[in-house]
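Student: I'd like to ask some things about the structure below.
Protein chains: 2
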Amino acid sequence: MLASVACCAALAAPEISDQEAEATAELFRSLGDPHRVKIVNLLALSGEPVCVCELIEPLGLGQPTVSHHLKKLTDAGLLDREQRGKWAYFSLNSDALRTLAAVVDLKGCAADVDCC
Amino acid sequence: MLASVACCAALAAPEISDQEAEATAELFRSLGDPHRVKIVNLLALSGEPVCVCELIEPLGLGQPTVSHHLKKLTDAGLLDREQRGKWAYFSLNSDALRTLAAVVDLKGCAADVDCC
DNA sequence: TTGATAGATCGACGATCTTCGATATATTGG
DNA sequence: CCAATATATCGAAGATCGTCGATCTATCAA
Numbered sequence: 001m002l003a004s005v006a007c008c009a010a011l012a013a014p015e016i017s018d019q020e021a022e023a024t025a026e027l028f029r030s031l032g033d034p035h036r037v038k039i040v041n042l043l044a045l046s047g048e049p050v051c052v053c054e055l056i057e058p059l060g061l062g063q064p065t066v067s068h069h070l071k072k073l074t075d076a077g078l079l080d081r082e083q084r085g086k087w088a089y090f091s092l093n094s095d096a097l098r099t100l101a102a103v104v105d106l107k108g109c110a111a112d113v114d115c116c
Numbered sequence: 117m118l119a120s121v122a123c124c125a126a127l128a129a130p131e132i133s134d135q136e137a138e139a140t141a142e143l144f145r146s147l148g149d150p151h152r153v154k155i156v157n158l159l160a161l162s163g164e165p166v167c168v169c170e171l172i173e174p175l176g177l178g179q180p181t182v183s184h185h186l187k188k189l190t191d192a193g194l195l196d197r198e199q200r201g202k203w204a205y206f207s208l209n210s211d212a213l214r215t216l217a218a219v220v221d222l223k224g225c226a227a228d229v230d231c232c
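Chains L and S, in that order, give the protein sequences.
This note's numbering numbers the first residue of the first sequence as 1 and each following residue consecutively.
This note's numbering numbers the first residue of the second sequence as 117 and each following residue consecutively.
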């Protein structure tokens, strides 16, 4: 499955297909949970990749739940996952965040955000 | 209830409270439906306020459902509602969209987005 | 005032989501 | 090879969401 950030369209795009609307909505939905907002915030503040075990305590959630949220963000294309031994490190995908910024930019009508 | 766009925090804010994380998530959740993405797109393309009855056909939804989606976007603070006789006109709130752009701007750590 | 029309609200149903405990997988150290 | 550890996946329970038909409210025209 393609990451939704790779298929989304700008909010002000001259035309939006059903597929693009769904991908764009899914991108926003991936940020539509307070714990996932906190994950993105923690990754943004730490300039470098962060291990799953370092996220469990600040989020106050069980390990399976943290994995679940990380998977949602990764599937959306916002996060990159990197295996280091038995640890999994996650970091923000800056390209995806640039795309997100273009999606919400109303002056970006002409910007070629969609790619489906 | 305060609009979530008025309480949200930047993704890269130096610190995010539970309340700000919830408001920020709710703002994204309000855009986390393909029909609501289309509504914002239609309002962005039409420079001027749009009547509810003009949205029903392009969305292919029932009138109560369109009202429901418009209420979600309005509650989030993204849309303004204006009564004109027996018609209700909706338009994008450009301040809210500017805030949204600041929320997703990772270089906006210093920007004072939160206000709770 | 009465009838018509626009829009909002209500109640219900099915689908999706968040969360958890239990378990499976994979990697490391001995 | 075995035990320990980190993470992912599974299955279930409860909450939330999108949608609809029915109904309520408000405005206009006659």
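Glycine included, each C-beta is placed from N, C-alpha and C at the ideal position.
For a minimum of 3 consecutive residues, which ranges assigned as the beta strand (DSSP E) are wholly contained in the segment 38 to 73 of chain L?
Tutor: Entirely contained in the segment 38 to 73 of chain L, not one beta strand (DSSP E) run reaches 3 residues.
Student: Less than 8 angstroms between the C-beta atoms of Ile132/S and Val50/L, yes or no?
Tutor: Position 16 of the second sequence holds residue 132/S. Position 50 of the first sequence holds residue 50/L. No.
Student: Taking its Cβ as the centre, do 16 or more other Cβ atoms sit within 10 Å of Thr99/L, making it buried, or is it exposed?
Tutor: Here residue 99/L corresponds to residue number 99 of the first sequence, with the count starting at 1. Thr99/L comes out buried.
Student: By the criterion of Cβ-Cβ separation under 8 angstroms, what are the contact partners of Pro150/S in chain L?
Tutor: In the second sequence, counting from the first residue as 1, residue 150/S sits at position 34. Residues of chain L passing the Cβ test: Asp18, Ala21, Glu22, Thr24 and Ala25.
Student: Measuring alpha carbon to alpha carbon, tell me which residue in Ser207/S, Lys188/S and Gln199/S is nearest Leu118/S.
Tutor: Start at 1 with the first residue of the second sequence, and residue 118/S comes out as number 2. Per the Cα distances, Lys188/S.
Student: Just to confirm before moving on: does the CB-CB distance between Asn93/L and Leu106/L stay below 8 angstroms?
Tutor: Here residue 93/L is taken as the residue at index 93 of the first sequence, counted from 1. Here residue 106/L is taken as the residue at index 106 of the first sequence, counted from 1. For Asn93/L and Leu106/L, no; Cβs fall outside 8 angstroms.
Student: By the 10 Å Cβ neighbour count, where 16 or more other Cβ atoms means buried, how is Pro34/L classified, buried or exposed?
Tutor: Locating residue 34/L in the first sequence gives position 34, where the first residue counts as 1. That one is buried.
Student: Could you work out which residues of chain S lie near Arg29/L, taking near to mean beta carbons separated by less than 9 angstroms?
Tutor: Residue mapping note: residue 29/L aligns to position 29 of the first sequence, counting from 1. Chain S residues near Arg29/L: Phe144, Arg145, Leu147, Gly148 and Asp149.
Student: Is Leu79/L helix, strand or coil by DSSP?
Tutor: Within the first sequence, numbered from 1, the residue matching residue 79/L stands at position 79. Looking at Leu79/L - three-state DSSP - the assignment turns out to be strand.
Student: Using the beta-carbon of each residue, which ones in chain S are nearer than 8 angstroms to Leu45/L?
Tutor: Reading the first sequence from its first residue, position 45 is the one you call residue 45/L. What Leu45/L touches in chain S: Ala128 and Pro130.
Student: Can you list the residues of chain L that Leu213/S reaches, using a CB-CB cut of under 9 angstroms?
Tutor: In the second sequence, residue 213/S corresponds to position 97, counting from 1. Here the neighbours are Leu11, Val104, Asp105 and Leu106.
Student: What is the rounded straight-line gap between the Cα of Glu26/L and the Cα of Ala76/L?
Tutor: Along the first sequence, one-based indexing puts residue 26/L at 26. Along the first sequence, one-based indexing puts residue 76/L at 76. Approximately 7 angstroms, taken between the alpha carbons.
Student: Just to confirm, is the Cβ distance from Ala137/S to Leu11/L under 8 angstroms?
Tutor: Indexing the second sequence from 1 puts residue 137/S at position 21. Indexing the first sequence from 1 puts residue 11/L at position 11. It is not a contact, given that the beta carbons lie outside the stated cut-off.
Student: Is Leu195/S close to chain L, meaning its C-beta is less than 8 angstroms from at least one C-beta of that chain?
Tutor: As a working note, residue 195/S is residue 79 in the second sequence. Taking Cβ atoms only, chain L never reaches closer than 8 angstroms to Leu195/S, which makes this a no.
Student: The alpha helix (DSSP H) with Ala10/L in it runs from where to where?
Tutor: What you label residue 10/L is simply residue 10 of the first sequence in a count that begins at 1. Premise fails: Ala10/L is in no alpha helix (DSSP H) and is neither H nor E.
Student: Is DSSP giving Leu222/S helix, strand or coil here?
Tutor: Taking the second sequence and counting its residues from 1, the one referred to as residue 222/S is at position 106. If DSSP states are grouped into helix, strand and coil, Leu222/S belongs with coil.
Student: Could you check if Gly60/L is buried or exposed, using at least 16 other CB atoms within 10 Å of its CB as the buried criterion?
Tutor: Along the first sequence, read from residue 1 onward, the residue named residue 60/L stands at position 60. Label assigned to Gly60/L: exposed.
Student: For Leu100/L, which residues in chain S fall below 7 angstroms Cβ to Cβ?
Tutor: One-based indexing of the first sequence puts residue 100/L at position 100. Neighbours of Leu100/L on chain S, chain order: Val220.
Student: Using a Cβ cut-off of 7 angstroms, pull out every chain S residue sitting near Val40/L, in sequence order please.
Tutor: Stepping through the first sequence from its first residue, residue 40/L is reached at position 40. By Cβ distance, chain S contributes Leu127.
Student: Would the beta-carbon of Ala204/S fall within 8 angstroms of that of Val168/S?
Tutor: Counting from 1 along the second sequence, the entry for residue 204/S is found at position 88. Counting from 1 along the second sequence, the entry for residue 168/S is found at position 52. In this structure, Val168/S lies closer than 8 angstroms to Ala204/S by Cβ.
Student: Buried or exposed for Arg84/L, please, with buried defined as at least 16 other CB atoms from any protein chain shown within 10 angstroms of its CB.
Tutor: Along the first sequence, one-based indexing puts residue 84/L at 84. So Arg84/L counts as exposed.
Student: What did DSSP end up calling Ala204/S once you bin it into helix, strand or coil?
Tutor: Translated into positions along the second sequence, residue 204/S becomes position 88. In this structure, Ala204/S counts as strand in the three-state DSSP scheme.
Student: Among the residues of its own chain, which have a CB less than 6 angstroms from the CB of Ala139/S, if the five just before and after it don't count?
Tutor: Position 23 of the second sequence holds residue 139/S. Around Ala139/S: Ser120, Cys123 and Cys124.
Student: Would you say Val153/S lies against chain L (beta-carbon separation less than 8 angstroms)?
Tutor: Your numbering for residue 153/S matches position 37 in the second sequence. Yes, its Cβ sits closer than 8 angstroms to a Cβ of chain L.
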